[in-house]
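**Q** Note that our numbering has the sequence shown beginning at 1305, numbered continuously upward.
Built from N, CA and C at the ideal position, the CB exists for glycine as well.
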Amino acid sequence: MTLSKDPLLQPYRLKHLTLKNRIMSTAHEPAYSEDGMPKDRYRLYHLEKAKGGIALTMTAGSAIVSEDSPPAFGNLHAYADEIVPWLKKIADDCHEYGTAVMIQLTHLGRRTSWNKGDWLPVLSASPVREPAHRSFPKEIEEWDIERIVSDYATAASRMQAAGLDGIEIEAYGHLIDSFWSPATNHRDDEYGGSLDNRLRFMNLVVDAVRKAVGPDFIVGTRMVADEDWDKGLSKEEGVEIARRLAGSGKIDFLNIIRGHLEHDAPLTKVIPIQGMAASPHLDFAGEVRAATKFPVFHAARIADVATARHAIAEGKLDMVGMTRAHIADPYIVRKIEEGREAEIRPCVGATYCLDRIYEGGGALCIHNAATGREAVVPHIISRSDGARRRAVVVGAGPAGLEAARVLAERGHSVELLEATSEAGGQILLAARNPRRKEMIGIVDWRLSELERLGVPIHYNVFAGLEDVLAREPDLVVVATGGIAQNPALETGGDLVVSSWDIIAGAMKPEGPVLLYDDNGAHSGMTAAELIARAGIELEIVSPERMFAPEIGGMNHVPYAKIFAEKNVRVTINTRLKSVRRDGNSLVATLFSDFSETVSIERRVAQVVVEHGTVPMADLYLDLKPLSRNLGAVDYKALIRRENPMAVRNPEGTFDLIRIGDAVASRNIHAGIYDALRYGVLF
């Protein structure tokens, strides 16, 4: 067997442990835990990456060592003995595929909320509020230090007992580095002031952990080496901390972070989203490696294989983290090994995964619906052992493209009909925002896969009943999507334009503009961003308690930035009642759900509305009486992963399903999940 010369596929020796390649998934909390335990959903998520060939999967982000570190992100409970068998099962399963398993341990300090978990007081080096979680921490006391140091040690012992390959101590926005940073450490005792004093707590933790696990167990740290903040930890002091830890003989690797987490805006500089620079801190991590001459790991939007390969080849990193990339495709390594890099499903930077975590939901990839659902839908689509179907899929948006891909992978004969000259559906609108142009990767990857699978796409076919029936299908998937709809207005529905009109360029914005958004998703905000960037006076009106509630905190940041810079007015708790023309202007009448006496008027040049979509259901309704199932779906069977198509019309010649926005206004992930969960059952 010829050994690969690919830098990414070279093994790496870390102490006694040989990692089989240079690719890892860094610690993150997908919020799949149950009662703080990493049960089957958690295990299967990491196991899939092991099956995909990854060298190291780092669990938890982070596992909490003490009860007074309330779980803000669905964190694992490293303080509980019952975690050991669950982690052992993960380690044993991943080890079967040659994948090492480690875990990140932390005390969250102030980066949590007091009203989580057991409602114990939040603490930090000093009582400095953390805006992100709105917590007012108490200043840590000596007795807190003693017990928390002990908690780190006993938690590390549990991880060793579970058969994990190592641990990583978190020092990035949490308790430990709250001592390091001048922004959060205002103490005047032996834990404040000089760098020696500010490192005292970390040293106590490391010493206690080493005493508990012995000299051979792997212990590393994920550490901030520069807070990139005028009042925070400087690059000079951060690199000096890295040097000291590397020279201590007690730490085995450094996982380098740059930036701080005070609130959502700096968080996106640490973990960039689409429209921001890729791998922004890679060179900095390389500087730390050069300064310390020590094993360095790093991840910050290293989403493509070429960049990862460069990081290893140029000696910037020893292990490269491709964490969100593996949420999109856990089989990256296997595809590299097999010469199938072109088949890697790309991470498009949508950050749907992290926004769901931070908003209290489990991590999901915007266009890989199998991630986090490994128990119910597969990542690798197997051939069907049933009859070969003749399938017609109508609509080449994300749902239709996915349905065609999955059915073709199952071995069925598939034709795809698209009414326009281009595939993509609403993603084409999203990608018109230059900042979100990477969204087109969702479409491009599926078009490439359909070409590989030999699926014909017929463009400019506005499919009617005859177009479908002429192909003699026995399965029809209607993925015709939806079209923009107006909110219910008392009068003036003919005077408004839709967010789609603005995004597509069908209507030029004329200021001042009132944009009424009672959907709260990207469409309305994208239209608002384009209007604001054009320098046009804009007011956004929303009936919600906050604007754009369907957009998570990280994706909120670039919208909020441009709205602040362009002096966009945002009005919440307010509805649009009617629009009337008055001379050359429009008058929008607004009201409040909370007071029947409030009526407000705005005089503007243009009213833009966003109210989701209405399904394009005509074809479905025409096909429905001719289908075997009359369009009906047995949801209980679907959930049980059984054939959901009951025969209601014995004279019918085909089964009929509709998916995505052809059913109701939802989002990209919902449409892709529809396509996958139905497709694997045929």
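For Asn1379, report the span of its alpha helix (DSSP H) as first-last.
**A** Here the question's residue 1379 lines up with position 75 in the sequence shown. That residue, Asn1379, is in no alpha helix (DSSP H); it is neither H nor E in DSSP.
**Q** If contact is defined by three or more beta carbon pairs under 8 angstroms, each pair taking one atom from either stretch, is the stretch 1700-1717 in contact with the stretch 1741-1760?
**A** Result yes; three or more Cβ-Cβ pairs closer than 8 angstroms.
**Q** Just how far apart, CA to CA, sit Leu1351 and Arg1952?
**A** By 1-based counting over the sequence shown, the position of residue 1351 is 47. By 1-based counting over the sequence shown, the position of residue 1952 is 648. Roughly 41 angstroms separates the two Cα atoms.
**Q** Three Cβ pairs or more, each shorter than 8 angstroms: is that satisfied between the stretch 1328-1335 and the stretch 1412-1422?
**A** Counting Cβ pairs under 8 angstroms, fewer than three are found: no touch.
**Q** Classify Ala1966 as buried or exposed, calling it buried when 16 or more other Cβ atoms lie within 10 Å of its own Cβ.
**A** Position 662 of the sequence shown, counted from the start, is the residue given in the question as residue 1966. By the neighbour-count rule (16 or more Cβ atoms within 10 Å), Ala1966 is buried.
**Q** Taking buried to mean at least 16 other C-beta atoms within 10 Å of its own C-beta, is Met1328 buried or exposed?
**A** Start at 1 with the first residue of the sequence shown, and residue 1328 comes out as number 24. Buried, since its Cβ has 16 or more Cβ neighbours within 10 Å.
**Q** How many angstroms separate the CA atom of Met1305 from the CA atom of Gly1643?
**A** Locating residue 1305 in the sequence shown gives position 1, counting from the first residue. Locating residue 1643 in the sequence shown gives position 339, counting from the first residue. In this prediction, Met1305 has a pLDDT of 44, which is less than 50 and means its spatial position is unreliable; what the coordinates show is noted afterwards. Looking at the two C-alpha atoms, the distance is approximately 15 angstroms.
**Q** Taking C-beta to C-beta, are Ile1731 and Gly1701 nearer than 8 angstroms?
**A** Taking the first residue of the sequence shown as 1, we reach residue 1731 at position 427. Taking the first residue of the sequence shown as 1, we reach residue 1701 at position 397. The answer is yes: Cβ separation under 8 angstroms.
**Q** Confirm, please, whether the CB-CB distance from Ile1806 to Val1912 is below 8 angstroms.
**A** Sequence index remark: in the sequence shown, residue 1912 carries index 608 (1-based). Sequence index remark: in the sequence shown, residue 1806 carries index 502 (1-based). Yes. Within cutoff.
**Q** Just mark Glu1483 as buried or exposed, buried being the case when its beta carbon has 16 or more other beta carbons within 10 Å.
**A** Within the sequence shown, the letter at position 179 stands for residue 1483. Per the sequence shown, residue 1483 should be read as Phe rather than Glu. Under this definition Phe1483 is a buried residue.
**Q** On the DSSP bridge assignment, give the partners of Met1527 in chain order.
**A** For this step, residue 1527 is matched to residue 223 along the sequence shown. Beta-bridge pairing links Met1527 to Ala1475 and Ile1560.
**Q** Can you give me the Cβ contacts of Glu1474 inside the same chain, cut-off strictly under 6 angstroms, excluding the 5 residues immediately before and after it?
**A** Locating residue 1474 in the sequence shown gives position 170, counting from the first residue. Around Glu1474: Ser1366, Gln1408, Thr1410 and Arg1526.
**Q** At what residue ranges does the stretch 1899-1949 contain a whole run of the beta strand (DSSP E), taking only runs of 3 or more?
**A** Taking only runs of at least 3 residues, the beta strand (DSSP E) segments lying wholly in the stretch 1899-1949 are 1899-1908, 1910-1914 and 1917-1919.
**Q** Give the DSSP bridge partners of Arg1884, in chain order.
**A** For the purposes of this step, residue 1884 is identified with residue 580 of the sequence shown, where counting begins at 1. Looking at the DSSP assignment, Arg1884 forms a beta bridge with Val1891.
**Q** Determine the contact status of Gly1715 and Arg1687, defining contact as a CB-CB distance below 8 angstroms.
**A** Taking the first residue of the sequence shown as 1, we reach residue 1715 at position 411. Taking the first residue of the sequence shown as 1, we reach residue 1687 at position 383. Yes, the Cβ-Cβ distance between Gly1715 and Arg1687 is below 8 angstroms.
**Q** Taking only heavy atoms of the ligand ADP into account, decide whether any of them is closer than 7 angstroms to the Cβ of Trp1533.
**A** For the ligand ADP, the structure offers nothing, since it holds no ligand at all.
**Q** List, from N- to C-terminal side, the alpha helix (DSSP H) runs of 4 residues or more that fit wholly inside the stretch 1804-1848.
**A** Segments of the alpha helix (DSSP H) lying fully in the stretch 1804-1848: 1826-1837.
**Q** Provide the residue span of the alpha helix (DSSP H) that contains Gln1408, from first to last.
**A** Residue numbering aside, residue 1408 sits at position 104 when the sequence shown is read from its first letter. Where Gln1408 is concerned, there is no enclosing alpha helix (DSSP H), although the beta strand (DSSP E) it sits in stretches over Ala1404 to Thr1410.
**Q** Would you say Glu1843 lies against chain D (beta-carbon separation less than 8 angstroms)?
**A** In the displayed structure, chain D is absent; only one protein chain is listed.
**Q** Apart from the five residues on each side of it in sequence, which residues of its chain come closer than 7 angstroms, Cβ to Cβ, to Cys1657?
**A** Taking the sequence shown and counting its residues from 1, the one referred to as residue 1657 is at position 353. Closer than 7 angstroms at Cβ, skipping near neighbours: Arg1628, Ile1631, Ala1667, Leu1668 and Cys1669.
**Q** List, from N- to C-terminal side, the beta strand (DSSP E) runs of 3 residues or more that fit wholly inside the stretch 1428-1476.
**A** If we require 3 residues or more, the beta strand (DSSP E) runs fully inside the stretch 1428-1476 come out as 1470-1475.
**Q** Please state whether the Cβ-Cβ distance between Lys1442 and Leu1427 is less than 8 angstroms.
**A** In the sequence shown, counting from the first residue as 1, residue 1442 sits at position 138. In the sequence shown, counting from the first residue as 1, residue 1427 sits at position 123. Contact flag set, yes.
**Q** I need the boundaries of the beta strand (DSSP E) containing Ser1417, first residue and last residue.
**A** For the purposes of this step, residue 1417 is taken as the residue at position 113 of the sequence shown. Ser1417 -> no beta strand (DSSP E), and no H or E assigned at all.
**Q** Comparing alpha-carbon positions, which option in Thr1361, Asn1419 and Ala1808 lies nearest Phe1440?
**A** In the sequence shown, the residue the question calls residue 1440 occupies position 136. Measuring from the Cα of Phe1440, the nearest candidate turns out to be Asn1419.
**Q** If we call anything under 8 angstroms between Cβ atoms a contact, is Leu1985 one with Arg1944?
**A** In the sequence shown, the residue the question calls residue 1985 occupies position 681. In the sequence shown, the residue the question calls residue 1944 occupies position 640. Cβ atoms of Leu1985 and Arg1944: not closer than 8 angstroms.
**Q** Helix, strand or coil, according to DSSP, for Leu1565 in the structure here?
**A** Translated into positions along the sequence shown, residue 1565 becomes position 261. Three-state result, Leu1565: coil.
**Q** Compute the Euclidean distance between the alpha carbons of Gly1797 and Arg1649, then round it to the nearest angstrom.
**A** Here the question's residue 1797 lines up with position 493 in the sequence shown. Here the question's residue 1649 lines up with position 345 in the sequence shown. Whole-angstrom Cα-Cα distance: 42 angstroms.
**Q** According to the Cβ coordinates, are Phe1958 and Arg1981 closer than 8 angstroms?
**A** The sequence position of residue 1958 within the sequence shown is 654, counting from 1. The sequence position of residue 1981 within the sequence shown is 677, counting from 1. Contact flag unset, no.
**Q** Which residue marks the beginning of the beta strand (DSSP E) containing Thr1724, and which one marks its end?
**A** On the sequence shown, residue 1724 is found 420 positions in, with the first residue counted as 1. Taken as a continuous stretch (DSSP letters only), Thr1724 belongs to no beta strand (DSSP E), as it is neither H nor E.
**Q** On the DSSP letters alone, give me the boundaries of the beta strand (DSSP E) that Gly1786 sits inside.
**A** The count along the sequence shown starts at 1 and reaches residue 1786 at position 482. Gly1786 to Ala1788 is the extent of the beta strand (DSSP E) around Gly1786.
**Q** Could you check whether the stretch 1839-1858 touches the stretch 1807-1817, counting it as contact only if at least three pairs of C-beta atoms, one from each stretch, sit closer than 8 angstroms?
**A** Contact holds: three or more Cβ-Cβ distances are below 8 angstroms.
**Q** From what residue to what residue does the beta strand (DSSP E) around His1602 run?
**A** Looking up residue 1602 in the sequence shown gives position 298. Here the beta strand (DSSP E) through His1602 covers Val1600 to His1602.
**Q** Going by alpha carbons, who is nearest to Asn1325 out of Ser1552, Leu1558 and Gly1357?
**A** As a first step, residue 1325 must be located in the sequence shown, where it is residue number 21. Looking at the Cα atoms, Gly1357 is the closest of the given residues.
**Q** Can you say whether Thr1322 is buried or exposed, counting buried as having 16 or more other CB atoms within 10 angstroms of its CB?
**A** The count along the sequence shown starts at 1 and reaches residue 1322 at position 18. Exposed is the call here.
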